[in-house]
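Asks: Protein sequence lines correspond, in order, to chains A and B. So for the first sequence, the numbering used here puts the first residue at 1; every next one is plus one. So for the second sequence, the numbering used here puts the first residue at 1001; every next one is plus one. Next up is a structure, given as structure tokens.
Number of protein chains: 2
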Amino acid sequence: MIDLSGPWVVGVDIGGTNLVVGLVSVEGGEPCGLRSQSTPSERGPDATVDEIGRMVTDAIEDVVSEGGAVTDQVLGVGIGCPGSIDRTSGLVRTTPNLGWVDYPISRKIANALQLPTVLDNDANCATYAEWWRGAGQGVEHLVGITVGTGVGGGVMLGGRIMRGASGSAGEVGHTTIDLNGRRCSCGNYGCLEAYASGSSIALRAIEGLRAGSQSVLTELVNGNINQISAALVYEALQLGDQYAHEIILETAKFLGIGIANLINTLNPDVVVVVGGVVGAGDYLFGAIREEVKQRSFKSAFEACKIVPGQLPETAGIIGAAGIFISEMPGQL
Amino acid sequence: MIDLSGPWVVGVDIGGTNLVVGLVSVEGGEPCGLRSQSTPSERGPDATVDEIGRMVTDAIEDVVSEGGAVTDQVLGVGIGCPGSIDRTSGLVRTTPNLGWVDYPISRKIANALQLPTVLDNDANCATYAEWWRGAGQGVEHLVGITVGTGVGGGVMLGGRIMRGASGSAGEVGHTTIDLNGRRCSCGNYGCLEAYASGSSIALRAIEGLRAGSQSVLTELVNGNINQISAALVYEALQLGDQYAHEIILETAKFLGIGIANLINTLNPDVVVVVGGVVGAGDYLFGAIREEVKQRSFKSAFEACKIVPGQLPETAGIIGAAGIFISEMPGQL
């Protein structure tokens, strides 16, 4: 029996691979009624909204209906989405992973559920979640870095996401750390993402093996080294593989440079790193701190905690719901 | 006869080369009673404070005394200082250019003038001045980059300097743009300052001439190429020198990368570049914008003006006084 401690806000996390929904209480505690399934991206955005509608309806039934009246306990829906979004119009401008263009996701979900919605990008949601209920609770200045297929981020100041002049602040993945460096998927050279994203970690591992490095990774993929993923590198690291250690040390150096740049610019209390790369564990974070220490102002380094996120599965929905709550009338 | 439109706040700009003081009206308008002289750095900080005391007393006499009562029209003193400062205790921790260590500049000046003081670093003062009365008046998000002997900066949000957890936010000169790049005076490699500061511009020019490049610069220093300064490079640029054009184009590329990183991270309304480098003029700024366009998010680039500062001589005192005023009781 679930403790009914609403009112609730629905969190919807639309990923390139998975949809996650759940109910987040305004009062705190773990999210309830969690649902996760693969994103039906091949069937287009309307089909995805249909799925989300069913998942949310089920979740609400689970969590809230036992008390009888449903709608007065669910205040609205926070939606997190990858790619370029327009918060004001509730549009997804482009999402490389989903293939949507100028899709009115906010209105579609509002219509499907007859609830008000708030839209934000996935990196802002994850950052907000870690500030609200995770690794950086309540600090004044927090920067989130999301390391998954790509590298994203969010900047928080005084409990609010800094959005900037056109709503695109926090795109730390496309800051340059090596001016003539690796080609990035964005078309530029030397972006942090071209070194430290999950795809880049896998690519660097593959390049080294092609160049003759020895590693348990080759066995783990039965010689098909193109199948190596970042997750597999973290697995090899746990197995004590020396080559995986080298790849992770390099990754820590690159992430450390990007983080040192943020620390010198913003002097935050906390930098929280979220996403798959957290799977590389303490070894990664120790090496990140070493690099940051070398490249950042002493007082700024000493004032800043660099930590892994604490909400690996649920940051997306918690953050989306949290941002909805933070923007309700009457909130600070 | 000066128009008496106080109340006034004294601005003091302590540079490695020059001291500048002046009176800034709370109501607006040009600063009055300007005094400038070389910093007696070889005689130590107490002698410098004595000079400042004399300069300010003279300035107050010029501007305010004609009305009779002096002290009730001068509210206090804003002090801008290079190096690492502690605003709370009013200490200059270290200033490489002046050689001061843990010097209580705020208390010394307060005692000398019997007025309350506020201390900030020179880059924050210049940034605040450009937001308050210069190239970025009243915008929500502004980043200032100061390019002189070194490269510094300030970040403003909603009319306030962002200070960060330990007061060192805005140190954009030591963000990495080239991870294995040029050695910086801070001991690291690839900092923006190692490429784009005045000293680095001069150094790059000298290196190229040593490697055989031809330029009017060699004549301008009668063959003593070690005497080439950044200012001389700007002069050669005005003379149509091709080599100076190349050096400035390179400088624009480096500054553009640093600015693109700030734009991707913060999405400001305005980036204002201040300091000697502004002497390179429109040619520099056109090339900076080209580089930024390539490396920043489209919406963020389009939302951001990249402009030279408008207060070349007086940003330091205007900003120091402005920050004092912004922190007076009753101000937002």
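Here a beta-carbon is modelled for each residue, glycine too, at the ideal position from N, C-alpha and C. Predicted model, so just to flag it, every value in this text is computed and none were measured.
1) Since residue 1261(B) meets chain A, which of its residues come closer than 7 Å, beta carbon to beta carbon?
2) Name the chain A residues that come within less than 8 Å of residue 1257(B), Cβ to Cβ?
3) Shorter than 8 Å from the beta carbon of residue 1265(B) to some beta carbon of chain A?
4) Taking only three categories from DSSP, how would you classify residue 1308(B)?
5) What residues of chain B sit near residue 170(A), judged by a beta carbon separation below 9 Å?
6) Mind checking which residues open and close the alpha helix (DSSP H) that includes residue 1284(B)?
7) Kindly say whether residue 304(A), judged by its beta-carbon, lies nearer than 8 Å to any beta-carbon of chain B.
8) Got a sec: is the Cβ-Cβ distance from residue 1332(B) to anything in chain A below 8 Å?
9) Against chain B, does residue 141(A) count as a neighbour if the rule is that its beta carbon must be under 8 Å from one of theirs?
10) Do you know how far the Cα of residue 1228(B) is from the Cα of residue 1248(B)?
11) Give the C-beta separation of residue 147(A) and residue 109(A) to the nearest angstrom, bearing in mind that I take them to be a contact with Cβ-Cβ under 8 Å.
12) Output yes or no for whether 8 Å exceeds the beta carbon distance between residue 139(A) and residue 153(A).
13) May I ask you to report which of helix, strand or coil DSSP gives residue 1085(B)?
14) Roughly how many angstroms separate the alpha carbons of residue 1112(B) and residue 1053(B), rounded to a whole number?
15) Starting from residue 333(A), find everything on chain B with Cβ-Cβ shorter than 8 Å and list it in chain order.
16) Can at least three beta-carbon pairs, one atom from the segment 251-263 of chain A and one from the segment 168-177 of chain A, be found at a separation below 8 Å?
17) Please determine if the segment 1224-1241 of chain B and the segment 1294-1309 of chain B are in contact, where contact requires at least 3 C-beta pairs separated by less than 8 Å.
18) Three-state secondary structure (DSSP) at residue 191(A)?
19) Residues of chain A with CB closer than 7 Å to the CB of residue 1188(B), please, in chain order.
20) Quick check on this structure: which residue in 1104(B), 1105(B), 1084(B), 1089(B) has the alpha carbon closest to the alpha carbon of residue 1095(B)?
21) Between the alpha carbons of residue 155(A) and residue 1024(B), how many angstroms are there, rounded?
22) Just by C-beta distance, which residues in the segment 147-159 of chain A are closer than 9 Å to chain B?
23) So is residue 1044(B) buried or exposed if we call it buried at 16+ other beta carbons inside 10 Å?
24) Look at the alpha carbon of residue 60(A) and the alpha carbon of residue 75(A), and state the distance between them as a whole number of angstroms.
25) For residue 243(A), tell me which candidate among 271(A), 217(A), 56(A) has the shortest Cα-Cα distance.
26) Which residues does DSSP list as the beta-bridge partners of residue 132(A)?
27) Under 7 Å Cβ to Cβ from residue 1279(B), same chain only, skipping five residues before and after it: list those, please.
28) Which residues does DSSP list as the beta-bridge partners of residue 32(A)?
29) CB residue 193(A) to CB residue 136(A), shorter than 8 Å?
30) Please check if any C-beta of chain B sits within less than 8 Å of the C-beta of residue 272(A).
31) From the beta carbon of residue 1001(B), is the nearest beta carbon of chain A less than 8 Å away?
32) Among 1040(B), 1020(B), 1157(B), whose alpha-carbon lies nearest the alpha-carbon of residue 1058(B)?
33) When you compare the segment 1004-1014 of chain B with the segment 160-169 of chain A, are there three or more beta-carbon pairs, one atom per stretch, that lie closer than 8 Å?
34) To test your reading of the DSSP string, which unbroken alpha helix (DSSP H) runs of 4 or more residues are found completely within the segment 199-256 of chain A?
35) Taking 8 Å as the threshold, find out whether the segment 1191-1209 of chain B comes into contact with the segment 184-201 of chain A through three or more Cβ pairs.
36) Would DSSP call residue 43(A) helix, strand or coil?
Replies: Concretely, from the data shown:
1) Along the second sequence, read from residue 1 onward, the residue named residue 1261(B) stands at position 261. Here the neighbours are 175, 176, 261.
2) Position 257 of the second sequence, counting from 1, holds the residue named residue 1257(B). Here the neighbours are 176, 179.
3) As a first step, residue 1265(B) must be located in the second sequence, where it is residue number 265. So, interface residue.
4) Translated into positions along the second sequence, residue 1308(B) becomes position 308. Strand, per DSSP.
5) Counting from one through the first sequence, the residue named residue 170(A) turns up at place 170. Those within 9 Å of residue 170(A) in chain B are 1264, 1265, 1266, 1267.
6) Taking the second sequence and counting its residues from 1, one reaches residue 1284(B) at position 284. Residues 1281-1295.
7) As a working mapping, residue 304(A) is identified with position 304 in the first sequence. Residue 304(A) counts as touching chain B.
8) The residue you call residue 1332(B) lines up with position 332 of the second sequence. Since pLDDT at residue 1332(B) reaches only 48, below the 50 mark, its modelled position is unreliable, and no value is offered.
9) Here residue 141(A) refers to the residue found at position 141 of the first sequence. Chain B contact via Cβ: present.
10) Here residue 1248(B) refers to the residue found at position 248 when the second sequence is read from its first residue. Here residue 1228(B) refers to the residue found at position 228 when the second sequence is read from its first residue. Cα to Cα, the separation comes out at about 14 Å.
11) Within the first sequence, numbered from 1, the residue matching residue 147(A) stands at position 147. Within the first sequence, numbered from 1, the residue matching residue 109(A) stands at position 109. Between residue 147(A) and residue 109(A) the beta-carbon gap is near 27 Å, outside 8 Å, which marks them as no contact.
12) For the purposes of this step, residue 139(A) is identified with residue 139 of the first sequence, where counting begins at 1. For the purposes of this step, residue 153(A) is identified with residue 153 of the first sequence, where counting begins at 1. In this structure, residue 153(A) does not lie closer than 8 Å to residue 139(A) by Cβ.
13) As a position in the second sequence, residue 1085(B) is number 85, starting the count at 1. DSSP places residue 1085(B) in strand when its eight states are reduced to three.
14) Counted from its first residue, the second sequence places residue 1112(B) at position 112. Counted from its first residue, the second sequence places residue 1053(B) at position 53. Distance between the alpha carbons of residue 1112(B) and residue 1053(B) is about 6 Å.
15) Nothing can be reported for residue 333(A), as the shown portion of chain A is limited to 1 through 332.
16) yes
17) They do not touch, by the three-pair rule.
18) Sequence index remark: in the first sequence, residue 191(A) carries index 191 (1-based). In this structure, residue 191(A) counts as strand in the three-state DSSP scheme.
19) Here the question's residue 1188(B) lines up with position 188 in the second sequence. For residue 1188(B), the neighbours in chain A by C-beta distance under 7 Å run, in chain order, 294, 295.
20) Stepping through the second sequence from its first residue, residue 1095(B) is reached at position 95. Of the candidates 1104(B), 1105(B), 1084(B), 1089(B), the one whose C-alpha sits nearest the C-alpha of residue 1095(B) is 1084(B).
21) As a first step, residue 155(A) must be located in the first sequence, where it is residue number 155. As a first step, residue 1024(B) must be located in the second sequence, where it is residue number 24. C-alpha separation (whole angstroms): 35 Å.
22) Among the residues of the segment 147-159 of chain A, those with a Cβ less than 9 Å away from any Cβ of chain B are 153, 155, 157, in the order of the chain.
23) Position 44 of the second sequence, counted from the first residue, corresponds to residue 1044(B). Around the Cβ of residue 1044(B), a 10 Å sphere holds fewer than 16 other Cβ atoms; the residue is exposed.
24) Indexing the first sequence from 1 puts residue 60(A) at position 60. Indexing the first sequence from 1 puts residue 75(A) at position 75. The straight-line gap from Cα to Cα measures roughly 11 Å.
25) As a position in the first sequence, residue 243(A) is number 243, starting the count at 1. Nearest C-alpha to residue 243(A): 217(A).
26) The residue given as residue 132(A) occupies position 132 in the first sequence. According to DSSP, which records beta bridges pairwise, residue 132(A) is partnered with nothing at all.
27) For the purposes of this step, residue 1279(B) is taken as the residue at position 279 of the second sequence. 1231, 1234.
28) Taking the first residue of the first sequence as 1, we reach residue 32(A) at position 32. Answer is 23(A).
29) Along the first sequence, one-based indexing puts residue 193(A) at 193. Along the first sequence, one-based indexing puts residue 136(A) at 136. Their beta carbons are not under 8 Å apart, which means residue 193(A) does not touch residue 136(A) by this criterion.
30) Along the first sequence, read from residue 1 onward, the residue named residue 272(A) stands at position 272. Closer than 8 Å: no.
31) Here residue 1001(B) refers to the residue found at position 1 when the second sequence is read from its first residue. The pLDDT assigned to residue 1001(B) is 42, lower than 50, so where the model puts this residue is not dependable; a value taken from the coordinates is nonetheless given after this. Closer than 8 Å: no.
32) The residue you call residue 1058(B) lines up with position 58 of the second sequence. Closest option to residue 1058(B), Cα to Cα, is 1020(B).
33) no
34) The alpha helix (DSSP H) runs of length 4 or more contained entirely in the segment 199-256 of chain A are, from start to end of the chain, 216-220, 230-238.
35) no
36) Here residue 43(A) corresponds to residue number 43 of the first sequence, with the count starting at 1. In the structure shown, residue 43(A) sits in a helix (DSSP, three-state: H, G or I).
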